[in-house]
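Read the structure below first, then the notes.
2 protein chains.
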Amino acid sequence: MRSWLKFRLLSAHIQCPIKPIACQDCKTMPFSLDKQLEADSLFVTSYDDIQIRVMNDARYVWVLLVPEIADMTELHDLSPDKQQILLQLAASIGAGIKTTPMPNLPAITKINTALIGNIVSQLHLHIVGRHPDDAAWPAPVWGMGSAIKLDENATNHRRQLIHKIMDAFQEN
Amino acid sequence: MRSWLKFRLLSAHIQCPIKPIACQDCKTMPFSLDKQLEADSLFVTSYDDIQIRVMNDARYVWVLLVPEIADMTELHDLSPDKQQILLQLAASIGAGIKTTPMPNLPAITKINTALIGNIVSQLHLHIVGRHPDDAAWPAPVWGMGSAIKLDENATNHRRQLIHKIMDAFQEN
């Protein structure tokens, strides 16, 4: 993008009193994944311009959904259609996590589904498989202890799980 | 309900290996609000058999949505139609909380929307208005400190907010 155009868009956006969803200038802003989300999670695949990522944390089966739209922070910032796709993905991934045994992890007994975003404001939805012996139970996972990085096997198992869920999702 | 019928339904349900959504016997089980949810929150109104309640905690503007369906614990346990209504309500209530100033509370800067349910498994969705000076920021609200009960004024302001949001919701 030419720098003067980028500057014009950026200026328009910074001053924009309109919600991004309704603002033509903001709509043209390029999406850029938040640096913290990028550092904490691994890209697996995408669906309808929603990134499906896994948190790089062996303590949990933890999926992130990140719509690739600039300057979204709240569920209600998304269009109704995009909200619905996000919901359908969240429900399907939650069901898949709960019903698919993972090597070296106890059975998942509860799914936590949440949009928090108090620290990283870029809109992202968490789907976390929980069990009563996990590191944070019964508390939520956010801010509890430190991540244990995934090894190659654990990464592959999570990637396989997501691909299996998404194959089924796209067949329906 | 006659006691023998209630017993038959209860027996069928306890032994039921089928997910509640697919089980004819479970579908006929009466809904009963979880005692902890009942103790912690106040009923305001309902929409399409989803209770809209406010948490009895003056520290936050905190709404609970509780579908009146027995034995639901996960988002994916709900029918797709009910999931969608829950989502639409969550988005509208979140938008309403964020854009409506409340007496004696700073402006809301972030909405947290979550299904957790690790302690109370009955399906309930949280919508919490957050700001950087609140009691738990930037951590999630669950398990942080103790609730401060709403006084009559604060209760009325929250009831008015919900009714205003729901009036607009039902007009659209």
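These protein sequences, in sequence, are chains A and B.
With my numbering, the residue at position 56 of the first sequence is 790, and numbering never jumps.
With my numbering, the residue at position 149 of the second sequence is 883, and numbering never jumps.
For each residue, glycine too, the CB sits at the ideal point set by N, CA and C.
It should be emphasised that the depicted structure is a prediction, and the values quoted were computed from it without experimental measurement.
**OP:** From the DSSP output, in three-state form, read off residue 809 of chain B for me.
**Re:** The answer is helix: DSSP assigns residue 809 of chain B an H, G or I state.
Subject >> Test item: CB-CB of residue 843 of chain A and residue 861 of chain A under 8 angstroms >> reply: no
**OP:** Could you tell me if residue 702 of chain A is buried or exposed, where buried requires 16 or more neighbouring beta carbons within 10 angstroms of its beta carbon?
**Re:** The shown model of chain A, from 735 to 906, leaves out residue 702 of chain A, and the question about it has no answer.
Original post:
Where does the unbroken beta strand (DSSP E) through residue 863 of chain B begin, and where does it stop?
Top reply: 859 to 864
Original post:
Does residue 847 of chain B come within less than 8 angstroms of chain A when only Cβ atoms are used?
Top reply: yes
Original post:
Using the rule of at least 16 other Cβ atoms within 10 Å of the residue's Cβ for burial, across every protein chain shown, is residue 885 of chain A buried or exposed?
Top reply: exposed
Subject >> Cβ of residue 832 of chain B within 8 angstroms of any chain A Cβ >> reply: yes
Subject >> Interface positions of the segment 850 to 870 of chain A facing chain B (Cβ-Cβ less than 8 angstroms), listed along the chain >> reply: Answer in chain order: 850, 851, 852, 853, 855 and 864.
**OP:** Could you tell me the distance, in whole angstroms, from the CA atom of residue 873 of chain A to the CA atom of residue 793 of chain B?
**Re:** Approximately 19 angstroms between the Cα atoms of the pair.
**OP:** Write down the C-beta distance between residue 790 of chain B and residue 774 of chain B rounded to the nearest angstrom, noting that I regard them as a contact closer than 8 angstroms.
**Re:** 6 angstroms
**OP:** Give the residues of chain B in contact with residue 824 of chain A, contact being defined as C-beta atoms less than 8 angstroms apart.
**Re:** 809
Subject >> Extent of the continuous beta strand (DSSP E) to which residue 785 of chain B belongs >> reply: 784 to 789 is the span of the beta strand (DSSP E), which, as asked, contains residue 785 of chain B.
Original post:
Residues of chain A with a CB under 8 angstroms from the CB of residue 879 of chain B: which are they?
Top reply: By Cβ distance, chain A contributes nothing, its closest Cβ being about 13 angstroms from residue 879 of chain B, past 8 angstroms.
Subject >> Start and end residues, beta strand (DSSP E) containing residue 845 of chain A >> reply: In the DSSP assignment, residue 845 of chain A falls within the beta strand (DSSP E) that extends over 844 to 849.
**OP:** Measure the alpha-carbon distance for residue 832 of chain B versus residue 887 of chain A and round it to whole angstroms.
**Re:** 43 angstroms
Original post:
Apart from the five residues just before and just after residue 826 of chain A, which ones in its own chain have a Cβ nearer than 7 angstroms to its Cβ?
Top reply: The beta carbon of residue 826 of chain A sits closer than 7 angstroms to the beta carbons of 899 and 903 from its chain, once the five residues preceding and following it are set aside; these are given in chain order.
Original post:
Any idea what DSSP makes of residue 801 of chain B, helix, strand or coil?
Top reply: Residue 801 of chain B falls in the strand class under three-state DSSP.
Original post:
Do you know how far the Cα of residue 817 of chain B is from the Cα of residue 857 of chain A?
Top reply: 20 angstroms
Subject >> Pairwise C-alpha distance: residue 896 of chain A and residue 906 of chain A >> reply: Taking the CA atoms as reference points, residue 906 of chain A sits about 15 angstroms from residue 896 of chain A.
**OP:** Look at the alpha carbon of residue 882 of chain B and the alpha carbon of residue 772 of chain B, and state the distance between them as a whole number of angstroms.
**Re:** 16 angstroms
Subject >> Buried versus exposed, by CB contacts within 10 Å (16 or more), residue 845 of chain B >> reply: By the neighbour-count definition (other C-beta atoms within 10 Å, threshold 16), residue 845 of chain B is a buried residue.
**OP:** For residue 834 of chain A, name the three-state secondary structure that DSSP assigns.
**Re:** coil
Original post:
In three-state terms, what does DSSP make of residue 775 of chain A?
Top reply: strand
Original post:
Using DSSP with H/G/I as helix, E/B as strand and the rest coil, what is residue 826 of chain B?
Top reply: helix
Original post:
Just curious, the alpha helix (DSSP H) that residue 900 of chain A is in, first and last residue?
Top reply: 886 to 905
Original post:
Is the shortest distance between the beta-carbon of residue 818 of chain A and the beta-carbons of chain B less than 8 angstroms?
Top reply: yes
**OP:** Taking only beta-carbon positions, decide if residue 792 of chain A is within less than 8 angstroms of chain B.
**Re:** no
**OP:** Spell out whether any CB of chain A is found under 8 angstroms from the CB atom of residue 798 of chain B.
**Re:** no
Subject >> Span separating the alpha-carbon of residue 777 of chain B from that of residue 788 of chain B >> reply: 7 angstroms
**OP:** Let me know if residue 853 of chain A comes out buried or exposed under the rule of 16 or more other beta-carbons within 10 Å of its beta-carbon.
**Re:** By the Cβ-count criterion, residue 853 of chain A is exposed, with fewer than 16 other Cβ atoms from all chains shown falling within 10 Å of its own Cβ.
Original post:
At a CB-CB cut-off below 9 angstroms, which residues of chain A make contact with residue 844 of chain B?
Top reply: Here the neighbours are 807, 808, 850, 851, 852 and 855.
Original post:
Quick one: is residue 785 of chain A buried, meaning 16 or more other Cβ sit within 10 Å of its Cβ, or exposed?
Top reply: buried
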